[in-house]
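*Asks:* What follows is a structure written as structure tokens; I'll ask about it next.
Residue numbers (this note's numbering): 1169 to 1608.
Have a look at this one:
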């Protein structure tokens, strides 16, 4: 607050007055004048110009500093003399006493006197030493306000060290807020859509559930494993559990892994009762045990083996009897200690040797060995022209009245002399000799 005390301005009284600022066209400068000063009024004398100029400078400096505070200030009245007015063209005034006091947050500098211009200059400045705290009445600078606001924002909001899903460290607070606002709007739209979709799906499921309930029906009473008041899923779960248990039991019964002692006894009894053993012929059956308990029942089957190896015998024979039959006493080629196969092989070998010795063809199986032997050893053929009369072959011998040596065909028969005259009858006791032919 600025108070001007004293009255020694000739012709002007500054007592509880309001000043105004005008532009003096004659001087081409801005001047401070009382509010009642007339525009283009009477020119003041040169003697008063210096005082008016000094006062104007002081007031201009003060008003320029505190223009936002108030349109004007007035001083307490302490008495004054003189009269006059200040014109807008020229004016003079004499200041006898000017007192400038500093109010709150105002500093008044030391007066600077310019004798040449006959002015006294007071520098009035506002102190910016106030603090932004509750109850503080001091003035603060714009820098302090900016720092306080910025620090408050940083303290309240904090700072980003890394990028988020929608905000970025390089963005401003407003930019990140816009990004968040956009995403929140999208989320809200999606939530609304999801809510509508869920409502639609819920309605559809309720309709389907009602339809399914109508198809399934309801239980009038509890079952063995299902309950009428239980849900379908709960009843299905109960049935599933029981089916699993039954399956396990059935599997155990199938491989008899879970059979109990009582079960084993029952199975044995049923098995013994199911088995019937009978004997026929030379067999006999004996038992050891009972069919009415869980113990083992043993069947013994005995077969008689006292048969003989002979025609018409139906009894079984023992191995000893068969051995004796197949292992006779020793012979020329058969040995009792040899097996039947070994003895047969010995006979086969020796028979082959005999056939080879008499010159027979062992591979010719179309004729019997008897007919082959008769070809070489012929006794008493029926006629000279028959096949058996010829003693063909090497070392062949034919004996009898019709025996011939060589080919028996008519062309090949040797010439015979005519028969001799009949001889007298022989005596009965004398045997007539038989002719014999020997092949060369």
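Here a beta-carbon is modelled for each residue, glycine too, at the ideal position from N, C-alpha and C.
Being a predicted model, the structure only gives us computed values, none of them experimental.
On the three-state DSSP scale, how would you describe residue 1439?
*Replies:* Helix, per DSSP.
*Asks:* What residue range is occupied by the uninterrupted beta strand (DSSP E) comprising residue 1280?
*Replies:* Segment 1280–1282, the beta strand (DSSP E) holding residue 1280.
*Asks:* Buried or exposed: residue 1397, going by 16 or more other Cβ atoms within 10 Å of its Cβ?
*Replies:* Looking at its Cβ environment, which holds fewer than 16 other Cβ atoms inside 10 Å, residue 1397 is exposed.
*Asks:* My guess is that residue 1518 and residue 1501 are in contact by the Cβ rule of under 8 Å, so how many angstroms apart are they, rounded?
*Replies:* That belief holds up - the Cβ atoms of residue 1518 and residue 1501 are roughly 5 Å apart, short of 8 Å.
*Asks:* Only counting runs of 3 or more residues, tell me where the beta strand (DSSP E) segments fall wholly within the region 1370–1406, in order along the chain.
*Replies:* Listed in chain order, nothing qualifies, since the region 1370–1406 has no complete beta strand (DSSP E) run of 3 or more residues.
*Asks:* Assuming residue 1521 is part of the alpha helix (DSSP H), what are its boundary residues?
*Replies:* Counting along the chain, the alpha helix (DSSP H) containing residue 1521 begins and ends at 1508–1525.
*Asks:* Consult DSSP for residue 1505 and reduce its assignment to one of helix, strand or coil.
*Replies:* Of the three classes helix, strand and coil, the one that applies to residue 1505 here is coil, per DSSP.
*Asks:* Taking 8 Å as the cut-off, decide whether the C-beta atoms of residue 1393 and residue 1407 are in contact.
*Replies:* Yes. Within cutoff.
*Asks:* Starting from the Cα of residue 1458, find the closest Cα among 1437, 1469, 1448 and 1468 and give me that residue.
*Replies:* Comparing Cα-Cα distances from residue 1458 to each of 1437, 1469, 1448 and 1468, the minimum goes to 1437.
*Asks:* Going by other Cβ atoms of all chains shown within 10 Å of its Cβ, with 16 needed for buried, is residue 1366 buried or exposed?
*Replies:* It counts as exposed.
*Asks:* Taking the alpha carbon of residue 1462 as the point to measure from, which residue in 1453, 1434 and 1472 has its own alpha carbon closest?
*Replies:* Nearest option by C-alpha distance: 1434.
*Asks:* The alpha helix (DSSP H) with residue 1491 in it runs from where to where?
*Replies:* Its alpha helix (DSSP H) spans residues 1487–1494.
*Asks:* Can you check which of these residues, 1386, 1504, 1275 and 1348, is closest to residue 1403 by C-alpha distance?
*Replies:* When only C-alpha atoms are compared, the closest one is 1386.
*Asks:* Give a yes or no on contact between the region 1300–1310 and the region 1276–1287, applying the rule of three or more CB pairs nearer than 8 Å.
*Replies:* No: fewer than three Cβ pairs fall under 8 Å.
*Asks:* What are the residues that DSSP puts in a beta bridge with residue 1454?
*Replies:* Paired residues: 1468.
*Asks:* Could you give the DSSP three-state label for residue 1363: helix, strand or coil?
*Replies:* Note: residue 1363 maps to helix in three-state DSSP.
*Asks:* Could you tell me which residues DSSP pairs with residue 1302 in its beta bridges?
*Replies:* According to DSSP, residue 1302 bridges with nothing at all.
*Asks:* Beta carbon of residue 1495, beta carbon of residue 1504: below 8 Å?
*Replies:* Cβ atoms of residue 1495 and residue 1504: closer than 8 Å.
*Asks:* Under the three-state reduction of DSSP, which class applies to residue 1429: helix, strand or coil?
*Replies:* Residue state, collapsed to three classes: helix.
*Asks:* Would you kindly work out how many angstroms separate the C-alpha atoms of residue 1352 and residue 1390, rounded to a whole number?
*Replies:* Roughly 53 Å separates the two Cα atoms.
*Asks:* Would you check if the distance between the CB atom of residue 1273 and the CB atom of residue 1295 is smaller than 8 Å?
*Replies:* In this structure, residue 1295 lies closer than 8 Å to residue 1273 by Cβ.
*Asks:* When we look at the beta-carbon of residue 1354 and count the other beta-carbons within 10 Å, is it buried (16 or more) or exposed?
*Replies:* So residue 1354 counts as exposed.
*Asks:* Helix or strand or just coil, what does DSSP make of residue 1347?
*Replies:* The answer is helix: DSSP assigns residue 1347 an H, G or I state.
*Asks:* Does the Cβ-Cβ distance between residue 1453 and residue 1468 come in under 8 Å?
*Replies:* Against a cut-off of 8 Å, the Cβ pair of residue 1468 and residue 1453 comes out as a contact.
*Asks:* Should residue 1334 and residue 1347 be called a contact, given that it needs their Cβ atoms to be closer than 8 Å?
*Replies:* For residue 1334 and residue 1347, yes; Cβs fall inside 8 Å.
*Asks:* Between residue 1456 and residue 1472, how many whole angstroms is the CB-CB distance? I'm expecting something under 8 Å.
*Replies:* Contact flag wrong, Cβ pair sits at about 20 Å.
*Asks:* Using the beta-carbon count (16 or more within 10 Å), is residue 1427 buried or exposed?
*Replies:* Label assigned to residue 1427: exposed.
*Asks:* Using CA coordinates, which residue listed in 1470, 1336 and 1420 is at the minimum distance from residue 1447?
*Replies:* The residue with the shortest Cα to Cα distance from residue 1447 is 1470.
*Asks:* Who are the Cβ neighbours of residue 1140 in its own chain at under 8 Å, not counting the five residues just before and after it?
*Replies:* Only positions 1169 to 1608 of the chain appear in this structure, which leaves residue 1140 out of reach.
*Asks:* Under a three-way DSSP split, which group does residue 1293 fall into?
*Replies:* In the structure shown, residue 1293 sits in a strand (DSSP, three-state: E or B).
*Asks:* Using DSSP bridges, identify the partner residues of residue 1308.
*Replies:* Looking at the DSSP assignment, residue 1308 forms a beta bridge with 1297.
*Asks:* With DSSP run on the structure shown, which of helix, strand or coil describes residue 1609?
*Replies:* Since the first and last residues shown for the chain are 1169 and 1608, residue 1609 lies out of range.
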